[in-house]
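So the sequence lines, in the order shown, correspond to chains P and S. Counting with the working numbering, you get residues 43 to 457 for the letters of the first sequence. Counting with the working numbering, you get residues 7 to 278 for the letters of the second sequence. The beta-carbon is built from N, C-alpha and C at its ideal position, and this holds for glycine as well. All remarks here apply to the structure that follows.
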Amino acid sequence: MKLGWIKRINVMKVVLYALSYMHHDFSPPIVHPDRSSKNILLHLDNEVHISGLWHCQASKTHPTSIKSNGAVYGVPKEDNFLTRTLWERIQKEIKEEEAMATLTVPTTVPSVSEDCEQLRKAFSGWGTNEGLIIDILGHRNAEQRNLIRKTYAETYGEDLLKALDKELSNDFERLVLLWALDPAERDALLANEATKRWTSSNQVLMEIACTRSANQLLHARQAYHARYKKSLEEDVAHHTTGDFRKLLLPLVSSYRYEGEEVNMTLAKTEAKLLHEKISDKAYSDDDVIRVLATRSKAQINATLNHYKNEYGNDINKDLKADPKDEFLALLRSTVKCLVYPEKYFEKVLRLAINRRGTDEGALTRVVCTRAEVDLKIIADEYQRRNSVPLTRAIVKDTHGDYEKLLLVLAGHVEN
Amino acid sequence: MRKGCSKFFLEDERQFERWNDSAIKSLKAEFKLFKDVVLLSLMHPWERDARLLKKALKKGPPHYNVIVEIACTRSSDQLLGARKAYHSLFDRSIEEDLASHVKGSERKLLVALVSAYRYEGPKVKEDAAKSEAKALLNAIKNNNGDHKKKAMEEDEVIWILTTRSKPHLKVVYEQFKKISAKTITEDLEVELLLKETVECLCTPQTYFTRVFDTALREDAKEDAKKALTRLVATQEDVDLKGIAAKFEDKIKERVKGAYKDVLLGVLADDRK
């Protein structure tokens, strides 16, 4: 996007407001330690974010004005109705986002170099100090982890992940490595693994394609290009067949509209269409796939609500015609992922933990990919459904450092 | 100025100078082409592509080649930008609109083309390219006689053309030449949209040449001229220069005014 002069002036305005807010409306004032252009970030609609504050002392009187990863939303200084409601809305959104994640980050975070030093210490000498690794990495968000990896490589000339790989093993290692990755790279890795194995991993591809936001999916595809020198779509096309490919390829290629607008007339028409196709058992019909793979999530939600109101059943009930049919199972999971992902993840966790011999792969994957997103809601759903807190189930089914890190990521606080 | 443009004015029975309708019409048409090329060049490329896509979709099947042109000649990030712009402008994704409004056999191909986010690196898999060339050949052969299903509806054809990288597809094109007497595009004479897809992806110069040629003919229609305008405004000058040079004489001969200057500007070394 071209950054013309008018846009630049607007960016400057917001940055100045934010700095003024930090200097004059805080007691004691917050001084940004690194006032350079690399800490001014532009979000999608040229919304300005200021980063690099996470090693600052936040004032006790305004704890919610600094987001946990240190970003301050540019706030105009004029106190009028408009700016107040805008600020309230921003604060509300921040609270909502944080409320769903289980990851906890300390309010005063050590500096990056301190973290790197500690991690280095954890590897040195005889054996590994897993507890230290858990304490540090288990309480850092994606931005912080990326910075740690970068600084570690610059300081010690080695990729942190390679160092971890050498020192750790088994489920704990897999969890640490997967957790340490940036979310986009993690999704790319999971997707790549899924294209190599056989049918059961169609689910992972669908999960990534449907539970990520449009931009998160896009970043995953970009990370895939960088890491594997090919596109995710090629690999999915090459490694899946038949109806599964018909469904999965459009799903991973999607770039859905993310607005909340809904067209009710369209919802009615498409609900009818879906009902017809399902009644004819045309489950992999082009239209069914088109609706699920291209419509926005809000629109699909409206369509499926209408489906239930008009035809009596939840669409997934109608899709249970043949319990053994794997394609139908994937279709049902797709619907779940699109409209109520927490129920989908609850089921994955339930199946992973309650089986004889935990499915660590699924457990690790869900905890890693959702800890910063909505693991709290998933845990609530888990408790509601199984009458047991998720953390208790984890304790029962796992052990050692693997268990410890899972609990930390799941927000478990030691009593 | 009025005195100088005597051919635009006629005296009528009442000895009143009025517009010569037909002359004015051709003047308007010339200016329109110029206006179009200027407006297109001024808009942000993403917004421009989004609007072009919307218009092509609205106008229907004869204009679907515009969708193919945009989806295939833009880089991965440019195409992505167009999709983002489409969200902002029309509150929908281009995929949903295409998927719900295109009714015919070209639907799967068009939706897949517009959803592509191709790898852009040079790495190419020779073996895969060979087998994919074979697969394409089979798909074309099987569907030449059978008019119920076209090659562009074959899943195999679609995923090869819409997920593979452009360098890879160029190798597929070469491999195809080795195993068949004709090139892919020659073999696809019957399915125009599929042919243009392959052309834009594998041999874009051929496509550009054809557009220039059709537009600069004596009997060129409006759409052909619009196609040329669009190309000039949206493609990199570097890609068009060689072609425009071949048509330099025709441009000087057939085109007039400011529009001619724009077309010839493509050839100039110091442009931009």
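Using a Cβ-Cβ cut-off of 8 Å, state whether residue i counts as contacting chain P.
i	result
Arg98(S)	yes
Arg236(S)	no
Lys183(S)	no
Thr169(S)	yes
Lys155(S)	no
Lys129(S)	yes
Glu53(S)	no
His69(S)	no
Hey, how far is the Cα of residue i from the Cα of residue j?
i	j	result
Leu447(P)	Phe214(P)	8 Å
Glu196(P)	His261(P)	25 Å
Pro50(S)	Leu86(S)	According to the sequence shown, residue 50(S) is His rather than Pro. The straight-line gap from Cα to Cα measures roughly 14 Å.
Arg427(P)	Ala141(P)	20 Å
Lys262(S)	Val238(S)	16 Å
Ala143(P)	Tyr349(P)	31 Å
Leu451(P)	Gly248(S)	59 Å
Gln99(P)	Met64(P)	For Gln99(P), the pLDDT reaches just 41, beneath the cut-off of 50, and the residue's location in the model is therefore unreliable, although a value from the coordinates is still provided. The straight-line gap from Cα to Cα measures roughly 12 Å.
Ser166(P)	Val57(P)	43 Å
Val208(S)	Lys172(S)	Reading the sequence as shown, one finds Cys at residue 208(S) and not Val. Taking the straight line from one Cα to the other gives about 7 Å.
Asp329(P)	Phe286(P)	15 Å
Lys189(S)	Val90(P)	The sequence as given places Thr at residue 189(S); Lys does not occur at that position. For Thr189(S) and Val90(P), the distance between alpha carbons rounds to 52 Å.
Glu101(S)	Thr149(P)	43 Å
Leu175(S)	Arg191(P)	37 Å
Leu259(P)	Ser338(P)	14 Å
Lys258(S)	Leu234(S)	15 Å
When you compare the CB of residue i with every CB in chain S, is at least one pair closer than 8 Å?
i	result
Gly301(P)	yes
His261(P)	no
Asn52(P)	no
Cys98(P)	The pLDDT assigned to Cys98(P) is 45, lower than 50, so where the model puts this residue is not dependable; a value taken from the coordinates is nonetheless given after this. Cβ-Cβ to chain S under 8 Å: no for Cys98(P).
Thr336(P)	yes
Tyr349(P)	no
His267(P)	yes
Ser273(P)	yes
Arg254(P)	no
Arg298(P)	yes
Leu315(P)	no
Ala279(P)	yes
Ala452(P)	no
So, with DSSP's three-state summary, where would you put residue i?
i	result
Leu83(P)	strand
Gly437(P)	Checking the sequence, you will find Val at residue 437(P) rather than Gly. If DSSP states are grouped into helix, strand and coil, Val437(P) belongs with the helices.
Val90(P)	strand
Arg287(P)	helix
Thr240(S)	helix
Val178(S)	helix
Tyr194(P)	helix
Ser171(S)	coil
Lys262(S)	coil
Tyr349(P)	helix
Phe253(S)	coil
Asp267(S)	helix
Trp168(P)	coil
Met248(P)	helix
His65(P)	helix
Ser243(P)	helix
Pro148(P)	coil
Asn212(P)	helix
Thr400(P)	coil
His93(S)	helix
Pro68(S)	helix
Ala313(P)	helix
Leu202(P)	helix
Leu3(S)	Look at the range of chain S in this structure, 7 to 278, and you will see that residue 3(S) is not part of it.
Glu126(S)	coil
Report back the beta-carbon spacing between residue i and residue j to the nearest angstrom; my notes put them in contact at under 8 Å.
i	j	result
Met158(S)	Glu197(S)	6 Å
Lys201(S)	Thr191(S)	5 Å
Ala184(P)	Glu352(P)	Wrong, their Cβ atoms sit about 42 Å apart, outside the cutoff.
Ala336(S)	Leu269(S)	The structure shown does not extend to residue 336(S), since chain S is modelled only from 7 through 278, so no value can be given for it.
Trp165(S)	Leu174(P)	Contact doesn't hold; Cβ gap of about 48 Å is too wide.
Glu276(P)	Ser295(P)	That pair is no contact at about 11 Å.
Tyr194(P)	Leu161(P)	7 Å
Give a yes or no on contact between the segment 242-257 of chain P and the segment 372-381 of chain P, applying the rule of three or more CB pairs nearer than 8 Å. yes
If we count Cβ pairs, one from each stretch, closer than 8 Å, do we get three or more for the segment 107-121 of chain S versus the segment 312-320 of chain P? no
Given a limit of 8 Å on CB to CB distance, which residues of the segment 105-127 of chain S reach chain A? Absence of chain A from the displayed structure is noted, the protein chains being P and S.
How about the segment 269-282 of chain P and the segment 67-75 of chain S: do they share at least three Cβ pairs that are nearer than 8 Å? no
If you pair each beta-carbon of the segment 379-395 of chain P with each one of the segment 225-238 of chain P, do three or more pairs fall below 8 Å? no
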